[in-house]
Amino acid sequence: MLEALNRTAPAKPVVARQAAPSHLLPMRARGLSLEIGGKRLIDQVDLDLQAGTITMIMGPNGAGKSLLLRVLHGMISPTAGSISWSGSGFTEAIRRRQAMVFQRPVLLRRSVAANIDFVLRLRGSADEEKRHAILEHVGLLALARQPARLLSGGEQQRLALARALALQPEVLFLDEPTASLDPASVLRIEEIVQNAHLSGTKIIFITHDLGQARRLADDIIFMHRGRVLEHAPASHFLNQPATAQGADFLAGRIVL
Amino acid sequence: MQDFAEAFRLAFSLILEADSDLLEIIGLSLTVSLSAMLISSLIGLAVGAVVAVLRFPGRGAALVVMNSLMGLPPVVVGLVVYLLLSRAGPLGFLELLYTPTAMIIAQSILITPIIAALSRQVLEDLYGEYAEQFRSFCVPTRTAITTLLWDARYSLLTVALAGFGRAVAEVGAVIIVGGNIAHSTRVMTTAIALETSKGDLALAMALGIVLLAIAIIVNAALMSLRATATRYAYA
């Protein structure tokens, strides 16, 4: 396990895996900006995301990563710029084909099973077999009757991920889902994410963990002060960042 | 001091003998206040949930009004209901004045704002936790409201019981619209006021003890519910 978490593991080669491409992709953002209280938090972001890859967003704290994720998911409207998913502007119908998992899992005050049932009912497909399969997939079947908030941090995050996957999203946004989890929990989450990716879900994943980026990422978006400074294949960014800020970030120096 | 002890002795003997007048008064009090609590809960929880979830123009003003109405003076409520139900009033044709129904209406008006304002606070706090995830899941407003009401059910029960506590201890409104008529509209609080003024301290004391016992039972129930809610929410 420790070996698997080795931060010096070689970067994942950029190869398109056997994944059915999402119909929502490609995603194209142009001139995306977000101002809150007169402060520009996302600044003129242009971005193209393709199907069949795990895209990771990295950058120092306050770079605007989480905000960008929320803007792409349509939870916050940008003050300028445009986003199109497969050529269409953002609508709620598009958001229904996506899902998001937050850094702090938001679980209903119900049992593990009832948390899954909630989202299955939302999509009009609640049945015990589906719930059983989902919980088994994430290793929570034995805890199905437990109150969700009694689970450990790692189990809660797996439940949040299972609930998102129960929606069968074409795009899955993950906002630092493994922050503050122990190594075993991190690996289990990564395994579930990999499986989702292999079954055709586009993954857009925020992380600060360079080892995780090496293990999972196909391409990396590097952000600083609300701007995208680099968007490159993972091996390029991790081995030869194109910007001084990227190099500082990878070296663990303060990014100016 | 001797009168006081004697009053206590008589009070306990009335309770132990299950005095029929005493039981009738207690029964009517519970019927009126529990009915008011149910009606107020239906209205108050719905209003509280809507205000907690929806954002609409004038919401700030609505919150101020809701919170202010928590302190409604019972005698003013009694007076307004009296004017509405009196023969010359707009609802006089219903002939409800001096009936238990009039007392239920008055108590409902009195405690609905309490239940609405307290439940709004409970539900808004929970919605603060759920809102982002709900938006991500595209949860319809109606589903969001029913989910909040279900997930906060233990806390909302404590809110309803707080409303009941206020209703059962209230005297000003029910004495105006009920008239404190023996065997018809006499409840514990109005009976205590009457028996005290007549000097029949034993019955007044017995009713006071029962009222106090109800308050203790309600508070014990509140504490137990709070413990259950905490166990489910934050364990």
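Protein chains in written order, with numbering that gives the first Met the number 0: chain A, 0 to 255; chain B, 0 to 234.
Cβ coordinates follow ideal geometry from the N, Cα and C atoms, glycine included.
Here the structure is a predicted model, which is why all the values come from computation and not from measurement.
Close-in-space but distant-in-sequence residues of the same chain around residue i (CB under 8 Å, 5 per side omitted)
i	result
Pro77(A)	Leu31, Ser32, Leu33, Ile41, Val70
Asp45(A)	Ala28, Arg29, Gly30, Leu31, Val227
Ile188(A)	Gly153, Gln156, Arg157, Leu160, Pro176, Thr177, Leu180
Ser88(A)	Inspection of the sequence shows that residue 88(A) is occupied by Gly rather than by Ser. So the qualifying residues of the chain are Ser81, Ile82.
Leu107(A)	Ala113, Asn114, Phe117, Ala147
6 Å CB neighbourhood of residue i in its chain, flanking five on each side removed
i	result
Ala214(B)	none
Asp174(A)	Ser65, Leu68, Phe101, Gln102, Ile205
Arg226(A)	Asp42
Ala159(A)	Val100, Pro104
Ile35(A)	none
Tyr153(B)	Leu224, Thr227, Ala228
Leu221(B)	Thr157, Leu160
7 Å CB neighbourhood of residue i in its chain, flanking five on each side removed
i	result
Ser107(B)	Ala35, Ile38, Ser39
Trp84(A)	Leu23, Met26, Ile93
Ala61(B)	Val50
Arg225(B)	Thr157
Gly91(B)	Leu84, Ser85
Gly164(B)	Ala214, Val217
Met69(B)	Pro112, Ile113, Ala116
Glu123(B)	Ala51
Listed by chain order, chain A residues near residue i by CB distance under 9 Å
i	result
Tyr126(B)	None at all; the shortest Cβ gap to chain A is about 11 Å.
Val194(B)	Contrary to the premise, residue 194(B) reads as Glu rather than Val in this sequence. Under the 9 Å cutoff, chain A gives no residues; its nearest Cβ is about 47 Å from Glu194(B).
Gln106(B)	The premise fails here: Gln106(B) is roughly 31 Å from chain A at the closest Cβ pair, so nothing lies under 9 Å.
Glu131(B)	Arg69, Met74, Met99, Phe101, Val105
Residue i classed as buried or exposed, judged by whether at least 16 other C-beta atoms fall within 10 angstroms
i	result
Thr54(A)	buried
Leu15(B)	exposed
Thr184(B)	buried
Ala15(A)	Note on Ala15(A): pLDDT 39, under 50, position unreliable in the model; no value is reported.
Glu169(B)	buried
Gln239(A)	exposed
Asp218(A)	buried
Val297(B)	Outside the displayed span of chain B (0 to 234) sits residue 297(B), for which this structure offers no information.
Ile104(B)	buried
Glu190(A)	exposed
Pro176(A)	buried
Glu229(A)	buried
Thr200(A)	buried
Pro168(A)	buried
Gly59(B)	exposed
Gly73(A)	buried
Thr90(A)	exposed
Beta-carbon proximity check, residue i vs residue j, cutoff 8 Å
i	j	result
Leu149(A)	Leu140(A)	no
Val158(B)	Ser196(B)	no
Leu82(B)	Leu93(B)	no
Leu78(B)	Ile175(B)	yes
Ile113(B)	Ala161(B)	yes
Ala274(B)	Glu194(B)	Residue 274(B) falls outside the range modelled here, since chain B spans only 0 to 234, and no answer is possible.
Ala10(B)	Val74(B)	no
Tyr97(B)	Gly178(B)	yes
Val192(A)	Ile203(A)	no
Phe258(A)	Met57(A)	With chain A covering 0 to 255 only, the question about residue 258(A) has no answer from this structure.
Gly153(A)	Asp126(A)	no
His136(A)	Ala161(A)	yes
Leu119(A)	Ala165(A)	yes
Val111(A)	Ala147(A)	yes
Ser32(B)	Ala166(B)	yes
Leu148(B)	Leu44(B)	yes
Leu249(A)	Leu209(A)	yes
Thr140(B)	Val52(B)	yes
Leu27(B)	Val186(B)	yes
Ala205(B)	Leu29(B)	no
Arg258(A)	Cys137(B)	In the structure as shown, chain A starts at 0 and stops at 255, and residue 258(A) therefore has no counterpart that could be examined.
Ala130(A)	Asp150(B)	Reading the sequence as shown, one finds Arg at residue 130(A) and not Ala. Against a cut-off of 8 Å, the Cβ pair of Asp150(B) and Arg130(A) comes out as no contact.
Ala101(B)	Val80(B)	yes
Contacts of residue i in chain B (Cβ-Cβ under 7 Å)
i	result
Val118(A)	Phe136
Glu91(A)	Cys137
Arg94(A)	Cys137
Partners in chain A for residue i, counting only beta-carbon separations shorter than 8 Å
i	result
Ser146(B)	It should be noted that the sequence gives Thr, not Ser, for residue 146(B). Within chain A, the residues near Thr146(B) are Leu107, Phe117.
Contact list for residue i against chain B, beta-carbon separation under 9 Å
i	result
Ala98(A)	Ser135, Phe136
Proximal chain B residues relative to residue i, where beta-carbon distance stays under 8 Å
i	result
Leu121(A)	Phe136, Cys137, Val138, Thr142
Contact set between residue i and chain A, taken where Cβ atoms lie within less than 7 Å
i	result
Glu23(B)	Residues of chain A passing the Cβ test: none, with the nearest at roughly 42 Å.
Residue i: CB within 7 Å of a non-hydrogen atom of the ligand SAH
i	result
Leu40(A)	Questions concerning the ligand SAH fall outside what the structure shown contains, since it holds no ligand whatsoever.
Using Cβ-Cβ distances below 7 Å, what residues of the region 62-81 of chain A are close to chain B?
His72, Met74
Pull out every residue of the region 149-180 of chain B whose Cβ sits closer than 7 Å to any Cβ of chain A, in chain order.
Asp150
Along the region 198-210 of chain A, where does the CB come closer than 7 Å to a CB of chain B? Name the residues.
none
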